[in-house]
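Just below is one structure, and these are the notes that go with it.
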Amino acid sequence: MYNVKIYVTLKKSVLDPQGDAVNEAANSMGYTGVSDVRIGKYMELQVEKTDASVHDMLDELCDKLLTNPVMEDYRYEIEEA
């Protein structure tokens, strides 16, 4: 069994109005040096698969269900449970 953490973010080519708002608010509050804020999603799940098939299954799950491949990128971390 594996514990999986999935991070989903907008592609760099896609405008991120939430990220822009946080960036502007942070700077207006005096947090200097904050830039290029991107807002995304974070998911955790457990997977029961063999070593060889877990990456293929996660890529398919992300591509077909958890993300919009036109607008979003993803990455994941896998740890043995």
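Read left to right, the sequence shown gives residues 444 to 524 (the numbering used here).
For every residue, glycine included, the Cβ atom is placed at its ideal position computed from N, Cα and C.
- Three or more Cβ pairs closer than 8 Å define a contact, and the segment 506 to 513 falls short of that threshold against the segment 463 to 481.
- For residue 462, the enclosing alpha helix (DSSP H) begins and ends at 460 to 471.
- Looking at 462, 450, 488 and 472, the one whose alpha-carbon comes closest to that of residue 524 is 488.
- In the three-state DSSP reduction, residue 516 falls in the strand class (E or B).
- Note that the C-beta distance between residue 447 and residue 519 is below 8 Å.
- About 11 Å separates the beta carbons of residue 514 and residue 455, which is beyond the 8 Å limit, so they are not a contact pair.
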